[in-house]
Amino acid sequence: MEAHSANRRKAQSANGSTSRAKLQRELRLARLELKQLELEAEAAKRISEIKDEIVKVLSDYNCCFASEPLLPPTPPPGERLKIVLDYVMSLPGSKTRQEDQITLNGPGIRVLPAESREFDRVSETTGLLQACMSLPARRSVTFDGNPMDFIGFMRNFQSTVARFNNDPAYPLDYLISDCEGEPAEAIRWSTVLKPQEGYDKAIRILERRFGRPH
Numbered sequence: 001m002e003a004h005s006a007n008r009r010k011a012q013s014a015n016g017s018t019s020r021a022k023l024q025r026e027l028r029l030a031r032l033e034l035k036q037l038e039l040e041a042e043a044a045k046r047i048s049e050i051k052d053e054i055v056k057v058l059s060d061y062n063c064c065f066a067s068e069p070l071l072p073p074t075p076p077p078g079e080r081l082k083i084v085l086d087y088v089m090s091l092p093g094s095k096t097r098q099e100d101q102i103t104l105n106g107p108g109i110r111v112l113p114a115e116s117r118e119f120d121r122v123s124e125t126t127g128l129l130q131a132c133m134s135l136p137a138r139r140s141v142t143f144d145g146n147p148m149d150f151i152g153f154m155r156n157f158q159s160t161v162a163r164f165n166n167d168p169a170y171p172l173d174y175l176i177s178d179c180e181g182e183p184a185e186a187i188r189w190s191t192v193l194k195p196q197e198g199y200d201k202a203i204r205i206l207e208r209r210f211g212r213p214h
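1 is the number of the first residue of the sequence shown in full-length UniProt numbering; add one for each residue after it.
Okay, here's the thing in structure tokens:
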């Protein structure tokens with residue numbers, strides 16, 4: 001009877017750990033997606049403002065030389081990201097005083113005192129912006145356990161998700177969310193490990209069960 005109770009408590013504890021890990025994973029993913037949406041909205045707003053300013057300038061110019069205004073082309077993705085980064089760096093607190101700069105002091109280099117709190121805040125925002133903007137939008141491609149689809153799925157995942165972020169926690173969350181049925185259940189326990197260990201473990205499990213190492 002005591003052994004049965006002990007086994008039951010262990011099972012309940014394991015289920016509780018799984019539930020907590022799942023909630024934490026879903027929360028991280030939801031926060032990431034929310035931040036990405038916020039940044040995309042801010043970027044779109046800033047691009048629209050810049051476009052309006054350019055249209056106004058061109059319209060004023062064309063009043064003298066042409067009867068119809070010229071519309072500026074939409075900036076390509078790389079320039080859009082640069083516009084957003086420039087905008088973040090233009091926010092209050094992003095400019096550092098002369099003391100924040102690294103200056104030469106004789107033969108060596110000396111870092112003078114800085115307003116580290118404001119500078120760190122803007123640096124963190126910029127880093128988060130770069131990380132979120134580099135992640136792809138949510139995709140409908142999933143893997144249901146068919147071995148014929150495994151190699152294609154993994155190549156697609158590596159090229160669209162894994163190589164865009166150095167934090168293994170996010171690719172692991174995406175990997176689990178992009179799997180269905182047996183594959184998802186097989187790697188769900190990986191979230192109880194450290195992010196890098198969990199990601200590597202999940203990849204090995206999928207390769208062992210559904211395909212050859214790629």
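Every residue gets a Cβ at the ideal spot worked out from N, C-alpha and C, and that includes glycine.
Buried versus exposed, by CB contacts within 10 Å (16 or more), residue i
| i | result |
| --- | --- |
| Ala30 | exposed |
| Met154 | buried |
| Gln101 | Residue placement at Gln101 is flagged as unreliable, the pLDDT there being 42, under the threshold of 50; the coordinate-derived value follows with that caveat. By the 10 Å Cβ count, Gln101 comes out exposed. |
| Leu32 | buried |
| Gln158 | exposed |
| Arg204 | exposed |
| Arg25 | buried |
| Asp173 | buried |
| Leu34 | exposed |
Backbone CA spacing between residue i and residue j [nearest angstrom]
| i | j | result |
| --- | --- | --- |
| Tyr199 | Pro168 | 6 angstroms |
| Asn146 | Lys22 | 24 angstroms |
| residue 216 | Phe143 | Missing from the structure shown is residue 216; the chain here goes from 1 to 214 and no further. |
| Ser177 | Gly152 | 17 angstroms |
| Leu206 | Glu197 | 14 angstroms |
| Val55 | Thr160 | 35 angstroms |
| Asn105 | Arg28 | Since pLDDT at Asn105 reaches only 43, below the 50 mark, its modelled position is unreliable, and the value read off the structure follows with that caveat. Answer to the nearest angstrom: the Cα atoms are 45 angstroms apart. |
Terminal residues of the alpha helix (DSSP H) in which residue i lies
| i | result |
| --- | --- |
| Arg188 | Segment: none, Arg188 is in no alpha helix (DSSP H) and carries neither H nor E. |
| Asp149 | 147 to 160 |
| Gln200 | Sequence check: residue 200 is Asp here, not Gln. Start and end: 195 to 210. |
Those residues which DSSP pairs with residue i across a bridge
| i | result |
| --- | --- |
| Phe143 | Cys179 |
Pick from the options that is closest to residue i, judged by C-alpha positions
| i | options | result |
| --- | --- | --- |
| Ala202 | Lys194, Ile187, Val192 | Ile187 |
| Pro183 | Ser48, Thr191, Arg209, Leu34 | Arg209 |
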